[in-house]
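J.: Residue numbers (mature numbering (1 follows the signal peptide of the UniProt record, and there is no 0)): -21 to -1, 1 to 147.
We put the beta carbon where it would ideally sit given N, CA and C, even for glycine.
Okay, here's the structure, questions in a sec.
Below you can see the structure in the form of structure tokens.
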């Protein structure tokens, strides 16, 4: 048998084994999260030097938004996220904007938004959530369960989005 053909067959076999084994992994084993599973807790620093954890917002609807300053879609959706937040009664909705860069540019320290920017400079939270494309937003219900994942920029204050979030 041709060595190249054997190599290709071995690679395909390995990929099949990995594809079958991966979905069966427990959530705590470092595999990315999935819809319907509990959102993994994390604690990250804010730009103001405070520390915020996901678990402190239990009982509220939470959007965990992974973003970067170099991502135009990330920047474009922030004003609609701010309008969305302002359309909810105070405290019902929380937006945690998790920046995935090593260092957040200075201009974002005074950004005119009503939500917190968190820093995930190590990339551990981004990796745990499997947020490889930006923006990547996880909608977490009041019980701490991931209900939806939105990859790519959207208008967060669109009527259908607001209606969905209020139904949680």
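1. Does residue 130 come out as helix, strand or coil in the three-state DSSP assignment?
2. Considering only their Cβ atoms, is the gap separating residue 126 from residue 19 smaller than 8 Å?
3. What did DSSP end up calling residue 92 once you bin it into helix, strand or coil?
4. Along the chain, where does the alpha helix (DSSP H) containing residue 64 start, and where does it finish?
5. When you measure from the CB of residue 24 to every non-hydrogen atom of the ligand FAD, does any distance come out below 7 Å?
6. Within the same chain, show all residues whose beta-carbon is closer than 6 Å to that of residue -1, passing over the 5 residues directly before and after it, in chain order.
7. Which residues does DSSP list as the beta-bridge partners of residue 45?
8. Here's the rule I'm using: 16 or more other beta-carbon atoms within 10 Å means buried, otherwise exposed. How should residue 49 be labelled?
T.: Result, derived from the coordinates:
1. The three-state secondary structure of residue 130, taken from DSSP, is strand.
2. Contact flag unset, no.
3. In the structure shown, residue 92 adopts coil according to DSSP, grouped into three states.
4. Start and end: 51 to 66.
5. This structure lacks the ligand FAD, and indeed carries no ligand of any kind.
6. Residue placement at residue -1 is flagged as unreliable, the pLDDT there being 40, under the threshold of 50; the coordinate-derived value follows with that caveat. For residue -1, where only same-chain residues beyond five positions count, there are no Cβ hits under 6 Å.
7. The partner list for residue 45 (beta bridge, DSSP) reads 77, 115.
8. Per the 10 Å Cβ criterion, exposed.
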